[in-house]
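In our numbering, the protein residues as written are 39 to 127.
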């Protein structure tokens with residue numbers, strides 16, 4: 039895997055997530071706090087951390103920093119999914 043290209047791809051995906059949050063915040067103030075509430079949920083953070091650690095360790099041996107960047111992104115997404123709550127209503 040090409041390291042710099044892979045790192046750039048991770049940066050683009052992370053930027054897209056931040057832009058999505060910013061647009062939602064502009065439309066409805068306070069929604070960013072709700073979107074990123076998973077960072078305060080201990081079980082979600084633990085699941086994301088374990089995912090990032092396992093994938094980072096496995097990937098480090100083959101691709102180095104690029105794999106670690108992807109592992110961190112995967113950990114954040116896993117934490118987000120673990121914390122999903124059903125919609126109110």
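Each residue gets a CB set at the ideal place from its N, CA and C atoms; glycine is no exception.
Note that this is a predicted model, so its numbers are computed, not measured.
Fill in: Spatial distance of residue 54 from residue 100 (CA atoms)
27 Å
Worksheet item: If you draw a straight line from the alpha carbon of residue 122 to that of residue 43, how long is it in whole angstroms?
Response: When only Cα atoms are considered, residue 122 and residue 43 end up about 31 Å apart.
Practice prompt. Please name the residue in 105, 77, 90, 60 whose C-alpha comes closest to that of residue 118.
Written response: Nearest C-alpha to residue 118 among 105, 77, 90, 60: 77.
Worksheet item: Based on Cα-Cα distance, which residue from 115, 48, 64 lies nearest to residue 82?
Response: 115
Worksheet item: Does the beta-carbon of residue 104 have 16 or more other beta-carbons within 10 angstroms, so that it is buried, or is it exposed?
Response: buried
Practice prompt. Return the residue from the list 84, 58, 86 that minimises the CA-CA distance to residue 73.
Written response: Ranking the options by Cα distance to residue 73, first place goes to 58.
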